[in-house]
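In mature numbering (1 follows the signal peptide of the UniProt record, and there is no 0), the protein residues as written are -25 to -1, 1 to 92.
Here it is, written out as structure tokens:
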């Protein structure tokens, strides 16, 4: 094999290895997002996730409005009907226009303890 062909073969091999490493890195990142957290949903999945999130509240319309608003921006909704906000920091940290915390939880009643507090 002449030196030019050998050099071309080495360059081709290095490009192929780089491509494989790049593709495998993207695949691992996508798998990570499938397990929840920010970016784990598509905008089309937001209404279904918010429907469940808001299913235990008496303020369903308000809850759905804000949950969908936040989900479309964060691509995440915490699991369950209340709490678990640490699963989605973007959702948890979004503020109202007045700067008040947690616009995404508007419409979800706060859980009370047995003393009614």
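Each residue gets a CB set at the ideal place from its N, CA and C atoms; glycine is no exception.
- Note that the C-beta distance between residue 46 and residue 70 is not below 9 angstroms.
- Shortest Cα-Cα distance from residue 13 to any of 75, 73, 79, 49 involves 49.
- For residue 46, the enclosing alpha helix (DSSP H) stretches over residues 35 to 49.
- Around the beta carbon of residue 43, 16 or more other beta carbons sit within 10 angstroms, so the residue counts as buried.
- Residue 80 is classed as buried because its beta carbon has at least 16 other beta carbons within 10 Å across all chains shown.
- Spanning the alpha carbons of residue 39 and residue 31 requires a straight line of approximately 12 angstroms.
- In this model, residue 23 and residue 16 are separated by some 11 angstroms (Cα to Cα).
- If you check the CB distance, residue 75 and residue 66 do not come in under 9 angstroms.
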